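Undergrad: Handing you a structure now.
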Amino acid sequence: MKFFTKRADLPAETAARVPPGQYLTQKWPVLHYGPVPPFNPKTWDLRV
């Protein structure tokens, strides 16, 4: 069983900054704690 396999590919200075159990991604990271709330795009409204 392999754990943390994605950290081995990183340069040493980057690997030192990535917490255990996490990995660096080139995609937009989705970070959350707990369950993901339900999402209904028809009722969603974003205002800036």
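Residue numbers for the sequence shown follow the numbering used here, so the first one is 308 and each next one is one higher.
Cβ atoms here follow ideal geometry from the backbone N, Cα and C, with glycine treated the same way.
Since the model is a prediction, treat every value here as computed from it, not as a measurement.
Given a cut-off of 7 Å on the beta-carbon distance, is the pair ARG337 and LEU331 in contact?
TA: Sequence check: residue 337 is Val here, not Arg. Taking 7 Å as the Cβ cut-off, VAL337 and LEU331 do not qualify as a contacting pair.
Undergrad: Please report the distance separating the alpha-carbon of PRO257 from that of THR350.
TA: With the chain covering only 308 through 355, there is no way to say anything about residue 257.
Undergrad: Tell me the DSSP secondary structure of ASP316 in three-state form.
TA: Helix at ASP316.
Undergrad: Rounded to the nearest angstrom, what separates TRP335 and PRO348 at their Cα positions?
TA: If you take the alpha carbons of TRP335 and PRO348, they lie about 19 Å apart.
Undergrad: Can you tell me the Cα-Cα spacing of LEU353 and GLN329, whole angstroms?
TA: Roughly 30 Å separates the two Cα atoms.
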